[in-house]
Amino acid sequence: MGEETATSEEVADTSQDVCVKYYTLEDISEHNNRSSTWLVIHDKVYDVSDFLEEHPGGEEVLLEQVGSDATESFEDVGHSIDAREILVQYYIGELHLNDRRKSNSKEVLDESSGEPSSWTTWLMLAIAALAVGLVYRYYTVEHKSS
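Numbering (this note's numbering), first residue to last: 2 to 147.
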């Protein structure tokens with residue numbers, strides 16, 4: 002389905018005898034129509050041309066993301082394990098190392114750093130403020146009655 006371009010690379014993995022094709026974002030951006038529909042999800046390249054009509058969310062959803070990195074959109078929807086297993090059959094290669102987002106490694110570090118997220122921090126502050134307010138109210142009512 003996909004034609005090889007001059008900028009794609011093939012690298013043989015001798016440990017598994019698997020040939021991995023690497024595609025640049027420029028290569029992928031050329032496959033942005035119904036007959037050739039390529040997406041990048043987690044630095045893996047997928048040709049989903051044959052899946053357009055089968056996609057439960059409609060083909061428009063996929064066509065909005067073609068020829069680009071669709072990782073964020075894919076994860077935002079919260080795809081099931083079954084959807085991830087279906088995706089494997091459309092795998093055609095990897096995103097070239099030079100085109101991978103450098104922020105991916107930072108995002109992984111942020112998520113695993115153990116620091117609470119900002120909404121958790123705000124929630125803790127709100128609970129603490131509520132507790133202080135209740136204690137203040139309790140003591141002001143106690144002093145008025147004595």
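Even glycine gets a Cβ: it sits at the ideal position worked out from N, Cα and C.
- The bridge partners DSSP lists for E95 are Y23, K45.
- Note: W39 is bridge-paired with D48 in the DSSP secondary-structure output.
- A distance of 8 Å or more separates the beta carbons of N33 and V62.
- Per DSSP, the beta bridge partners of D70 are V41.
- The Cβ-Cβ distance between Y24 and L96 falls below 8 Å.
- When the beta-carbon positions are compared, F52 and Y91 come within less than 8 Å of each other.
- Counting along the chain, the unbroken alpha helix (DSSP H) around L88 starts and ends at 82-89.
- For E61, the enclosing alpha helix (DSSP H) starts and ends at 60-64.
- Rounded to whole angstroms, the separation of the alpha carbons of K145 and A130 is 23 Å.
- Proximity to V46 across D28, P57, E55 peaks at D28, based on C-alpha coordinates.
- In this structure, A84 lies away from V41, with their beta-carbon atoms at least 8 Å apart.
- Relative to the Cα of V89, the nearest Cα in the group W120, E31, H43 belongs to H43.
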